[in-house]
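Enquirer: Just dropping this structure here.
Residue numbers (the working numbering): 12 to 475.
Encoded structure:
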């Protein structure tokens, strides 16, 4: 049924998206030019590992990374840093690429939202994403989150998320509106099912930068089962086949170089081992990494491989977890709090002095804000403003999710809600909580906010 919301035609929507995306790219490049590179602890580590790879004339990881190093780190970002340093002796070309990836992530957010909701909701989500302060400074840092999120959103964009033309196969789940098509256009090629294999491959590539694929693969498989019942087995096979293909490529390449089949970071048990001696759930920065007498400490570590260390930590962690399951689960709520307590990590790009990576953080005296308000620095005022916006964003996202579910819009609500909730719980269960860890599902928060700010009649009329 046509209505006044259809006035935003596909052509006009695409023009608006590209104009906003290019504007966002110019903003990101401007921030990079004016404020320069922002060192971080992880970024400095990536440079160190990249320099070893350059000296070995091999991609990361080489045997010099495996023997004597505690764990296998984020492969994709280290190889990108090595490529940038090897070709140009600088990380700035990579930072420019990150600006482009960040801007295209906004474009992908809009088009994925259009597939799940409609063009009006999608355009609003794009505008909110661009205006969100914490998105402005991230591309000044060597961050695994930017390429990881770019390839994740590209994978979701390629996947068939709109409804089939036939009547819904699960009417008990939701009353659904009629779709406008089921063909996925990617790189100028129309592929109703084959694109799912490409989505799986892109998830594997995202995983190469930072291990996140499992939750998105699970979300899509459940989505296919609930809302694409007639095709869900075939779609799942395509998805997992594409993922497995890229995993085999990366793993085989590493095996031929090193004798080890490695395709993603392997730091899970390094992080889990900390749970055996941490007394609280907050992240511990700039502290001893391997305190003697704890489960993290391994004697003669410098002569062991990262794989051997991982096995030792796994054995110790599983033993401790089997003996203290309740004690461990009690830490989950606090970890969730530390993941969501704020979202100002990337505002460190605007610090006036940021040469020392260990000091590149912003704190807000929230407990004594009333008395110290006049003494805040310019960056702290900016961070306070961003924090208020962030808390408002969370409230609106929650309201958006509740409204969708109360109105029976399960198809629209499923992916954003499932990914946010499942990913948050998975993070809190597996590792300590850091605010930057929620980066993979921030786009879905913007989807929910945009759906809430749109009129109820403007939700669910998918326009492709």
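Glycine is no exception: its CB is placed at the ideal position from the N, C-alpha and C atoms.
Predicted model, so just to flag it, every value in this text is computed and none were measured.
What residues in its chain sit with their C-beta under 6 Å from that of residue 501, if we drop five residues either side in the sequence?
Expert: Outside the displayed span of the chain (12 to 475) sits residue 501, for which this structure offers no information.
Enquirer: Measure the C-alpha to C-alpha separation of residue 376 and residue 147 and round it to an integer number of angstroms.
Expert: Indexing the chain shown from 1 puts residue 376 at position 365. Indexing the chain shown from 1 puts residue 147 at position 136. Each residue's alpha carbon lies about 23 Å from the other.
Enquirer: I need the straight-line Cα distance from residue 209 to residue 166, nearest angstrom please.
Expert: The residue you call residue 209 lines up with position 198 of the chain shown. The residue you call residue 166 lines up with position 155 of the chain shown. Spanning the two alpha carbons is a distance of roughly 7 Å.
Enquirer: Going by DSSP, name the residue or residues bridged to residue 277.
Expert: In the chain shown, counting from the first residue as 1, residue 277 sits at position 266. 83.
Enquirer: Considering only residues of the same chain and omitting the five flanking positions on each side of residue 449, which have a CB-CB separation below 6 Å?
Expert: The count along the chain shown starts at 1 and reaches residue 449 at position 438. Within the same chain, 350 come within 6 Å of residue 449 by CB-CB distance, once the 5 residues on both sides are set aside.
Enquirer: Quick check on the burial criterion: 16 or more other C-beta atoms within 10 angstroms. Buried or exposed for residue 384?
Expert: The count along the chain shown starts at 1 and reaches residue 384 at position 373. When all chains shown are included, residue 384 counts as exposed.
Enquirer: Taking the CB atoms as reference points, tell me whether residue 152 and residue 353 lie closer together than 9 Å.
Expert: Your numbering for residue 152 matches position 141 in the chain shown. Your numbering for residue 353 matches position 342 in the chain shown. No, these two residues do not count as a Cβ contact at 9 Å.
Enquirer: Which complete alpha helix (DSSP H) runs does the region 370 to 430 hold, if anything under 4 residues is left out?
Expert: You should have 380 to 383 and 389 to 417.
Enquirer: Under the rule that 16 or more other beta-carbon atoms within 10 Å means buried, what is residue 234, buried or exposed?
Expert: Counted from its first residue, the chain shown places residue 234 at position 223. Buried, by the Cβ-count rule.
Enquirer: Straight-line CA distance for residue 435 to residue 37?
Expert: Counting from one through the chain shown, the residue named residue 435 turns up at place 424. Counting from one through the chain shown, the residue named residue 37 turns up at place 26. Going by the C-alpha atoms only, they are around 32 Å apart.
Enquirer: CB-CB under 7 Å to residue 111, same chain, minus the five flanking residues each way: which ones, in chain order?
Expert: Position 100 of the chain shown, counted from the first residue, corresponds to residue 111. Excluding sequence neighbours, residue 111 sits near 36.
Enquirer: What are the residues that DSSP puts in a beta bridge with residue 33?
Expert: Sequence index remark: in the chain shown, residue 33 carries index 22 (1-based). Partner(s): none; residue 33 has no beta bridge.
Enquirer: Return the Cβ separation of residue 317 and residue 77 in integer angstroms, given the expectation that the two are a contact with Cβ distance under 8 Å.
Expert: The sequence position of residue 317 within the chain shown is 306, counting from 1. The sequence position of residue 77 within the chain shown is 66, counting from 1. With a Cβ gap of about 5 Å, residue 317 and residue 77 count as contacting.
Enquirer: On a Cα-Cα basis, can you pick out the residue from 30, 25, 304 and 50 that is closest to residue 371?
Expert: Taking the chain shown and counting its residues from 1, the one referred to as residue 371 is at position 360. Per the Cα distances, 50.
Enquirer: Considering Cα atoms alone, identify which of 115, 348, 419 and 140 is closest to residue 29.
Expert: One-based indexing of the chain shown puts residue 29 at position 18. Among 115, 348, 419 and 140, the Cα nearest to that of residue 29 is on 115.
Enquirer: Which value, in whole angstroms, describes the spacing of the CA atoms of residue 335 and residue 66?
Expert: Mapped onto the chain shown, residue 335 falls at position 324. Mapped onto the chain shown, residue 66 falls at position 55. Each residue's alpha carbon lies about 44 Å from the other.
Enquirer: Quick one, are the C-beta atoms of residue 121 and residue 213 less than 9 Å apart?
Expert: Here residue 121 refers to the residue found at position 110 of the chain shown. Here residue 213 refers to the residue found at position 202 of the chain shown. No. Outside cutoff.
Enquirer: For the alpha helix (DSSP H) containing residue 335, name the first residue and the last one.
Expert: Residue mapping note: residue 335 aligns to position 324 of the chain shown, counting from 1. Where residue 335 is concerned, there is no enclosing alpha helix (DSSP H), given that its DSSP letter is neither H nor E.
Enquirer: For a quick check, are the C-beta atoms of residue 61 and residue 92 less than 9 Å apart?
Expert: The residue labelled residue 61 in the question sits at position 50 within the chain shown. The residue labelled residue 92 in the question sits at position 81 within the chain shown. Yes, they are a contact pair.
Enquirer: My output table needs one value for residue 78: the three-state DSSP class, helix, strand or coil.
Expert: Looking up residue 78 in the chain shown gives position 67. Strand, per DSSP.
Enquirer: What does a CB cutoff of less than 7 Å around residue 25 pick up in its chain, not counting 5 residues either side in sequence?
Expert: On the chain shown, position 14 is the one that residue 25 refers to. Nothing listed; no residue qualifies.
Enquirer: If contacts are defined as beta-carbon pairs under 8 Å, then residue 127 and residue 423 qualify, I think. What distance do you get, rounded to the angstrom?
Expert: Translated into positions along the chain shown, residue 127 becomes position 116. Translated into positions along the chain shown, residue 423 becomes position 412. Contact holds; Cβ gap of about 5 Å.
Enquirer: Using the Cα positions of residue 346 and residue 282, report the straight-line distance between them to the nearest angstrom.
Expert: Numbered from its first residue, the chain shown carries residue 346 at position 335. Numbered from its first residue, the chain shown carries residue 282 at position 271. Counting only the Cα atoms, residue 282 lies some 13 Å from residue 346.
Enquirer: If you drop the 5 nearest sequence neighbours on each side, which residues of the same chain put their C-beta closer than 6 Å to that of residue 272?
Expert: Taking the first residue of the chain shown as position 1, residue 272 is located at position 261. Excluding positions up to five away in sequence, the list reads 262 and 266.
Enquirer: When DSSP labels each residue in this structure, what does residue 151 get in the three-state scheme?
Expert: By 1-based counting over the chain shown, the position of residue 151 is 140. Of the three classes helix, strand and coil, the one that applies to residue 151 here is helix, per DSSP.
Enquirer: By the 10 Å Cβ neighbour count, where 16 or more other Cβ atoms means buried, how is residue 420 classified, buried or exposed?
Expert: Stepping through the chain shown from its first residue, residue 420 is reached at position 409. Looking at its Cβ environment, which holds 16 or more other Cβ atoms inside 10 Å, residue 420 is buried.
Enquirer: Roughly how many angstroms lie between the CA atoms of residue 74 and residue 58, to the nearest whole one?
Expert: Translated into the one-based positions of the chain shown, residue 74 becomes position 63. Translated into the one-based positions of the chain shown, residue 58 becomes position 47. Rounded to the nearest angstrom, the two C-alpha atoms are 17 Å apart.
Enquirer: Can you say whether residue 381 is buried or exposed, counting buried as having 16 or more other CB atoms within 10 angstroms of its CB?
Expert: In the chain shown, the residue the question calls residue 381 occupies position 370. Classification of residue 381: exposed, given that the 10 Å Cβ count is below 16.
Enquirer: Please return the same chain residues whose Cβ sits closer than 6 Å to the Cβ of residue 79, not counting the five positions on each side in sequence.
Expert: Position 68 of the chain shown, counting from 1, holds the residue named residue 79. Excluding sequence neighbours, residue 79 sits near 313.
Enquirer: Contact between the region 247 to 256 and the region 408 to 416 is defined here as three or more beta-carbon pairs at a separation below 8 Å; is this criterion met?
Expert: In short, these stretches do not touch, since the Cβ pair count stays below three.
Enquirer: Of all Cβ atoms in chain B, is any one closer than 9 Å to the Cβ of residue 238?
Expert: Among the chains in the structure shown there is no chain B, since it carries only a single protein chain.
Enquirer: Taking the straight line between their C-alpha atoms, what separation do you get for residue 94 and residue 410?
Expert: What you label residue 94 is simply residue 83 of the chain shown in a count that begins at 1. What you label residue 410 is simply residue 399 of the chain shown in a count that begins at 1. Going from the Cα of residue 94 to the Cα of residue 410 covers about 44 Å.
Enquirer: Alpha carbon to alpha carbon, how far is residue 299 from residue 285?
Expert: In the chain shown, the residue the question calls residue 299 occupies position 288. In the chain shown, the residue the question calls residue 285 occupies position 274. Cα-Cα distance, rounded: 11 Å.
Enquirer: Report the CB separation of residue 72 from residue 83 in whole angstroms; it is logged as a contact under 8 Å.
Expert: Within the chain shown, numbered from 1, the residue matching residue 72 stands at position 61. Within the chain shown, numbered from 1, the residue matching residue 83 stands at position 72. The Cβ separation is near 6 Å, so the contact holds.
Enquirer: By a C-beta neighbour count over all protein chains shown, 10 Å radius and 16 as the cutoff for buried, is residue 135 buried or exposed?
Expert: To locate residue 135, count along the chain shown from 1; it is residue 124. Under this definition residue 135 is a buried residue.
Enquirer: Decide if residue 68 is buried, meaning its Cβ has at least 16 other Cβ atoms within 10 Å, or exposed.
Expert: Here residue 68 corresponds to residue number 57 of the chain shown, with the count starting at 1. So residue 68 ends up on the exposed side.
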